[in-house]
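Before any comments, here is the structure.
Protein chains: 2
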Amino acid sequence: MHYSPDFVEAQANQRRAAQARRDQLLQSQRHPAGTAGALMISHYSSLDSGLSASQAIDMLRREAADAETIYQSYVLDEQRNLLGTVSLRELILAAPEAAIEQVMVRNIISVSVHTLQEEVARLIRLHDLLAVPVLDDDGCLVGLVTCDEALDVVVEEATEDFHKGALIANHVGNLRDATLGLLYRKRVLWLVLLVFGNLFSGAGIAAFEETIAAHIALVFFLPLLVDSGGNAGAQSATLMVRGLATGEVVMADWLRMLGRECGVALALGATMAVAVASLGMLRGGADIAFIVASSMLVIVLIGSLIGMSLPFLLSRINLDPATASGPLVTSVADAVGVLIYFGIASQVLDI
Amino acid sequence: MHYSPDFVEAQANQRRAAQARRDQLLQSQRHPAGTAGALMISHYSSLDSGLSASQAIDMLRREAADAETIYQSYVLDEQRNLLGTVSLRELILAAPEAAIEQVMVRNIISVSVHTLQEEVARLIRLHDLLAVPVLDDDGCLVGLVTCDEALDVVVEEATEDFHKGALIANHVGNLRDATLGLLYRKRVLWLVLLVFGNLFSGAGIAAFEETIAAHIALVFFLPLLVDSGGNAGAQSATLMVRGLATGEVVMADWLRMLGRECGVALALGATMAVAVASLGMLRGGADIAFIVASSMLVIVLIGSLIGMSLPFLLSRINLDPATASGPLVTSVADAVGVLIYFGIASQVLDI
């Protein structure tokens with residue numbers, strides 16, 4: 001346990017925590033937020049490469065009250081270049097006179113001060129590390145990022161991606177304490193933008209006003225068909241956004257994913273077409289049944305492909321793919337859905 | 001570093017990893033998935049309460065090659081009841097002859113085998129723990145959950161919440177390797193359910209067919225107004241879903257959140273009403289402008305309140321609130337939006 005009711009320990013912890021905050025403040029001024037440099041703590045145990053195992057243990061014993069952790073020490077040469085790492089367990093198990101250069105583990109995983117925090121967290125998670133050392137541009141050890149920092153990063157990044165997906169501007173902070181004004185400002189921009197984005201759907205409808213006026217029953221199926229494209233698109237987009245965020249999927253997978261998505265979307269679209277065909281039959285006869293079923297198939301297919309591709313596209317032009325998972329893909333799929341539906345309807349009904 | 005290219009260490013790690021997998025398999029048969037019991041490892045260092053600090057260090061030195069971690073040891077009485085915890089650092093700093101009962105920290109944070117894994121991860125994150133001990137129903141120590149397990153839990157839970165929000169059935173597994181058939185099965189149920197859910201919107205439109213036929217210009221604003229309610233609702237729902245998941249917000253906050261949401265939603269609705277009023281003026285004159293502006297205000301308000309309340313409601317009836325953040329809230333807000341829009345329109349235009 002890190003924190004304890006024991007007074008001395010608590011005092012030491014408080015001192016360390018305060019120092020860590022000061023460190024992070026100092027670093028955040030030097031390194032941009034969201035990088036390993038801004039996140040790292042500079043309290044770690046380092047050992048000179050010339051020491052023996054027993055000298056190293058003695059040195060750690062003296063340092064133990066101050067360093068963030070003595071369980072993992074970094075072995076440095078005179079220029080503070082990182083040579084390797086040695087755990088307290090390895091030092092205890094080693095012969096007392098063994099040189100730590102013989103005991104230490106070489107070829108360790110490290111990151112640069114410029115590495116993005118989500119990448120640091122991913123490395124820690126992937127390799128089950130307790131901490132990862134951070135090197136500056138000269139390869140010198142300047143700090144480390146611990147597993148519990150990675151835990152905070154992962155939760156923060158997920159929250160940010162959730163918010164972005166719902167088109168909420170980032171950094172709402174603690175939801176409980178967010179003020180009315182803050183929430184308004186974080187939400188209003190995209191909502192207004194989407195109003196104007198939805199003009200395309202409205203314009204699509206206006207272009208087919210005569211068809212609609214002649215066959216008013218078509219409007220009954222409008223929300224159902226248009227939303228189905230948006231819903232299927234949101235599913236595809238969410239799967240890809242999360243896959244890209246966790247590293248399960250990379251840019252190079254796009255073409256293979258697209259092929260699979262076509263198959264899945266056709267199967268989904270066909271199932272949903274069957275479901276609406278019967279409704280179309282009931283409300284408007286064979287023509288309407290044919291129109292809504294074929295529209296459903298095409299709308300779900302196109303909606304899914306848009307949803308699947310949008311995160312890759314945003315990623316490609318260096319925007320955050322997370323933005324694509326919610327209302328953005330729904331709005332795009334809506335406008336396309338209106339055109340497909342009334343396009344098919346006017347073709348069929350004008351013959 | 002946990003894993004290393006060093007052969008002996010690697011062998012020991014492999015042995016420990018294999019043992020940990022066997023343990024987890026065994027435990028998952030005894031404890032339901034998603035609980036601390038199924039997640040815990042049973043490799044930890046324990047010390048009898050009667051030992052001195054130097055005896056404890058000797059004992060750990062002998063155990064060091066096998067135990068998952070020797071940096072944090074649990075002090076047990078004869079019935080394996082957990083009395084406290086002691087770190088290797090504290091043992092090294094203590095006088096060699098000191099009793100570990102004097103050195104150890106009491107009142108430590110622990111969880112039960114039944115505690116849900118997201119709760120375990122939250123405790124580890126909140127208190128910056130390296131590991132948390134797991135107790136059985138008799139208060140006996142049976143295992144521990146480490147920080148790197150918590151990291152996996154947090155990522156998995158976030159992925160699950162993302163997928164649930166997009167109404168994808170859980171456990172897609174690795175997205176890259178998911179088969180076409182699996183993705184179809186995980187996605188089809190909710191998509192078809194929403195088709196029937198959207199019948200309410202269609203029925204709403206059908207109920208106002210005469211009004212629409214007489215004022216076909218109203219259809220132009222349909223996607224724009226209806227989607228705005230869904231978008232605002234998705235924002236509110238996402239904020240609450242994530243707030244509930246991270247513990248920033250609890251059930252008891254609902255009423256206070258509702259009050260603030262009313263204020264935010266009115267401000268958002270008013271802004272968007274101004275935006276559409278001018279469009280309404282351009283396309284249909286003062287009547288249409290009044291209808292679309294007042295509809296927008298009411299739709300955004302109601303959509304936001306639905307979005308904000310739905311996660312709490314689902315949570316209340318023991319369903320996962322995450323389900324509420326995407327297409328579900330959008331579909332509900334859509335149906336309500338149709339009724340509000342055409343309700344206001346028929347009132348204004350029939351006078």
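These protein sequence lines map, in sequence, to chains P and X. For the first sequence, the residue numbers in UniProt numbering are 1 to 351. For the second sequence, the residue numbers in UniProt numbering are 1 to 351. C-beta atoms are modelled at their ideal positions from N, C-alpha and C, and glycine is treated no differently. These numbers were taken from a predicted model, which means no experiment stands behind them.
Reduced DSSP category for residue 249 of chain P - H, G, I as helix; E, B as strand; rest coil = coil
message = Just list the residues that DSSP pairs residue 44 of chain P with in beta bridges.
response = The beta-bridge partner set that DSSP reports for residue 44 of chain P is empty.
ask   = Quick one, which residues of the region 189 to 218 of chain P are near chain X if we go by CB-CB under 7 angstroms, in chain order?
value = 191, 192, 194, 195, 198, 199, 201, 202, 205, 206, 209, 212, 213 and 216
request  = Evaluate residue 247 of chain P with the Cβ neighbour count: other Cβ atoms within 10 Å of its Cβ, from every protein chain shown; 16 or more gives buried, anything less gives exposed.
outcome  = exposed
inquiry  = For the region 308 to 328 of chain P, list every residue whose C-beta sits within 9 angstroms of some C-beta in chain X, in sequence order.
reply    = 325, 326 and 327
query = Do three or more CB pairs link the region 180 to 194 of chain P to the region 213 to 232 of chain P at distances below 8 angstroms?
reply = no
inquiry  = Given this structure, state the Cα-to-Cα distance separating residue 5 of chain X from residue 132 of chain P, to the nearest angstrom.
reply    = Because the pLDDT of residue 5 of chain X is 41, which lies under 50, any placement of that residue in the model is unreliable, and the number read from its coordinates should be weighed accordingly. If you take the alpha carbons of residue 5 of chain X and residue 132 of chain P, they lie about 16 angstroms apart.
task = Have a look at P/341, P/286, P/165 and P/179 and flag the residue whose alpha-carbon is nearest the alpha-carbon of residue 267 of chain X.
result = Nearest C-alpha to residue 267 of chain X: P/179.
request  = Take residue 62 of chain P as the anchor and find which of P/75, P/46, P/50 and P/77 has the nearest alpha-carbon.
outcome  = Nearest option by C-alpha distance: P/46.
message = If the criterion is Cβ atoms closer than 8 angstroms, does the pair residue 352 of chain X and residue 113 of chain X meet it?
response = Nothing can be reported for residue 352 of chain X, as the shown portion of chain X is limited to 1 through 351.
inquiry  = Can you confirm whether the region 33 to 41 of chain P touches the region 142 to 161 of chain P when touching is taken to mean that 3 or more C-beta pairs between the two stretches lie within less than 8 angstroms?
reply    = yes
request  = Could you tell me whether any Cβ in chain X is nearer than 8 angstroms to the Cβ of residue 228 of chain P?
outcome  = yes
inquiry  = Check whether the region 295 to 307 of chain X and the region 231 to 242 of chain X are in contact - that is, three or more C-beta pairs closer than 8 angstroms.
reply    = Cβ pair count under 8 angstroms is three or more, so yes.
Residue from P/271, P/240 and P/270 with nearest C-alpha to residue 256 of chain P = Looking at the Cα atoms, P/240 is the closest of the given residues.
query = Are the C-beta of residue 118 of chain P and some C-beta of chain X separated by less than 8 angstroms?
reply = At a cut-off of 8 angstroms, the C-beta of residue 118 of chain P has no neighbouring C-beta in chain X.
message = When you compare the CB of residue 71 of chain P with every CB in chain X, is at least one pair closer than 8 angstroms?
response = Yes, residue 71 of chain P counts as interfacial toward chain X.
request  = Could you tell me if residue 118 of chain X is buried or exposed, where buried requires 16 or more neighbouring beta carbons within 10 angstroms of its beta carbon?
outcome  = buried
request  = Go ahead and pull the three-state DSSP assignment for residue 71 of chain P.
outcome  = Three-state result, residue 71 of chain P: coil.
query = Are the Cβ atoms of residue 152 of chain X and residue 125 of chain P separated by less than 8 angstroms?
reply = yes
request  = Using a Cβ-Cβ cut-off of less than 8 angstroms, list which residues of the region 149 to 176 of chain P approach chain X; keep chain order.
outcome  = 150, 151, 152, 154, 155, 158, 159, 161, 162, 163, 165, 166, 167, 168, 172, 174, 175 and 176
inquiry  = Using a 10 Å radius around the Cβ and a threshold of 16 neighbouring Cβ atoms, would you call residue 60 of chain P buried or exposed?
reply    = buried
Residue interval of the beta strand (DSSP E) (run including residue 87 of chain P) = 82 to 87
Closest residue to residue 73 of chain P among P/319, P/42 and P/164 (Cα-Cα distance) = P/42
task = Could you please give me the residues that DSSP links to residue 112 of chain X through a beta bridge?
result = X/135
ask   = How long is the line joining the alpha carbons of residue 308 of chain X and residue 242 of chain X, rounded to whole angstroms?
value = 11 angstroms
Start-to-end residues for the beta strand (DSSP E) that takes in residue 144 of chain P = 141 to 146
key: Stretch-stretch touch, CB-based, cutoff 8 angstroms, three pairs: the region 146 to 166 of chain X with the region 260 to 274 of chain P   = no
message = Which same chain residues end up closer than 8 angstroms to residue 189 of chain P when comparing Cβ atoms and leaving out the 5 residues on each side of it in sequence?
response = 169
query = If you pair each beta-carbon of the region 92 to 110 of chain P with each one of the region 90 to 108 of chain X, do three or more pairs fall below 8 angstroms?
reply = No: the two stretches stay apart, fewer than three of their Cβ pairs being nearer than 8 angstroms.
ask   = Residue range of the alpha helix (DSSP H) that residue 271 of chain X falls in?
value = Looking at the DSSP string, the run of the alpha helix (DSSP H) that includes residue 271 of chain X is 254 to 316.
inquiry  = Taking a contact to mean a Cβ-Cβ separation below 8 angstroms, would you say residue 312 of chain P touches residue 251 of chain P in this structure?
reply    = yes
ask   = residue 243 of chain X versus chain P: which residues are under 8 angstroms apart at the beta carbon?
value = 175 and 176
Within 8 angstroms, strictly: CB atoms of residue 329 of chain P and residue 306 of chain P = The answer is yes: Cβ separation under 8 angstroms.
query = Taking a cut of 7 angstroms between CB atoms, which residues from the region 242 to 269 of chain X lie near chain B?
reply = Absent from the structure: chain B. Protein chains present are P and X.
key: Exposed unless 16 or more other CB atoms sit within 10 angstroms - verdict on residue 285 of chain X   = exposed
ask   = Which residue or residues does DSSP assign as beta-bridge partners of residue 99 of chain X?
value = X/52, per the DSSP bridge assignment.
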